[in-house]
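Novice: Structure incoming, see below.
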Amino acid sequence: MRQLNIVGSSPPSQPSRKIQTLQAPPDMAPANVTLRTASETSLWLRWVPLPEWEYNGNADLVGYRVQYSRTGTRGRSLTHVIADRQEREFTIEDLDEWTEYEVQVQAINGMGTGPWSQPVRGRTRESVPSCGPTNVSAFATTSSSILVRWFEVPEPDRNGLILGYK
Numbered sequence: 000m001r002q003l004n005i006v007g008s009s010p011p012s013q014p015s016r017k018i019q020t021l022q023a024p025p026d027m028a029p030a031n032v033t034l035r036t037a038s039e040t041s042l043w044l045r046w047v048p049l050p051e052w053e054y055n056g057n058a059d060l061v062g063y064r065v066q067y068s069r070t071g072t073r074g075r076s077l078t079h080v081i082a083d084r085q086e087r088e089f090t091i092e093d094l095d096e097w098t099e100y101e102v103q104v105q106a107i108n109g110m111g112t113g114p115w116s117q118p119v120r121g122r123t124r125e126s127v128p129s130c131g132p133t134n135v136s137a138f139a140t141t142s143s144s145i146l147v148r149w150f151e152v153p154e155p156d157r158n159g160l161i162l163g164y165k
């Protein structure tokens, strides 16, 4: 350190002892969080890891927490912890077909958790319906035609857009 006045600066002082700031939870969320469809039952999540100067603690204890839930279902989320601070992607598996999910990521260290990223949304791919139509009935209407009636496949069992019936 030097002292300054109008005439100039003093010679430097002796160096101080080395001091390190206190550890704290991360104060920023991972950046550029994106979510892509991977399959009928999985989504692929990517993010930019925290820069090393934002760890705010022991680098060996830095990781990420992923939180995900069906869109619109408050309070029913699942989490997964990723212990590797260098990791930048994660495949969320065992999801429901043709379902939209909301996902967030946060950095964690030995002192606590950082803020959540902005939520991103993604939908799993379509799959075949889980069941067929119910209450199917057929009636002869003429000598050359019949009338077939049925109830639609229930919404939770459609697993995509119904394009028609055969």
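In terms of numbering that gives the first Met the number 0, the sequence shown has 138 at position 139, counting the first letter as 1, and numbering is strictly consecutive.
Glycine included, each C-beta is placed from N, C-alpha and C at the ideal position.
Going by alpha carbons, who is nearest to W115 out of Q66, V47, G56 and L3?
Specialist: One-based indexing of the sequence shown puts residue 115 at position 116. Looking at the Cα atoms, Q66 is the closest of the given residues.
Novice: Thinking R122 and T36 are a contact (beta carbons under 8 angstroms), I'd like their distance in whole angstroms, please.
Specialist: Working through the sequence shown from its first residue, we reach residue 122 at position 123. Working through the sequence shown from its first residue, we reach residue 36 at position 37. Indeed, because the Cβ distance is near 6 angstroms, the residues count as touching under 8 angstroms.
Novice: Taking the straight line between their C-alpha atoms, what separation do you get for A82 and W97?
Specialist: One-based indexing of the sequence shown puts residue 82 at position 83. One-based indexing of the sequence shown puts residue 97 at position 98. Answer to the nearest angstrom: the Cα atoms are 30 angstroms apart.
Novice: Distance check for A106 and E89, CA to CA, integer angstroms please.
Specialist: Within the sequence shown, the letter at position 90 stands for residue 89. Within the sequence shown, the letter at position 107 stands for residue 106. In the sequence as displayed, the identity of residue 89 is Phe instead of Glu. Distance between the alpha carbons of F89 and A106 is about 14 angstroms.
Novice: L49 and G109 look like a contact to me (Cβ under 8 angstroms); what is the Cβ gap, rounded to whole Å?
Specialist: As a first step, residue 49 must be located in the sequence shown, where it is residue number 50. As a first step, residue 109 must be located in the sequence shown, where it is residue number 110. Actually they do not touch by this definition, with Cβ atoms about 14 angstroms apart.
Novice: Thinking C-alpha only, which one of E125, S143, V147 and T72 is nearest P132?
Specialist: Within the sequence shown, residue 132 is the residue found at index 133, counting from 1. Taking only the C-alpha atoms, the option nearest P132 is V147.
Novice: Specify the secondary structure class of R157 as computed by DSSP and reduced to three states.
Specialist: Sequence index remark: in the sequence shown, residue 157 carries index 158 (1-based). Looking at R157 - three-state DSSP - the assignment turns out to be helix.
Novice: Whole angstroms are fine: how far does the CA of S38 sit from the CA of G56?
Specialist: Numbered from its first residue, the sequence shown carries residue 56 at position 57. Numbered from its first residue, the sequence shown carries residue 38 at position 39. Cα-Cα distance, rounded: 37 angstroms.
Novice: Tell me whether the beta-carbon of R1 lies closer than 7 angstroms to the beta-carbon of P14.
Specialist: By 1-based counting over the sequence shown, the position of residue 1 is 2. By 1-based counting over the sequence shown, the position of residue 14 is 15. Contact flag unset, no.
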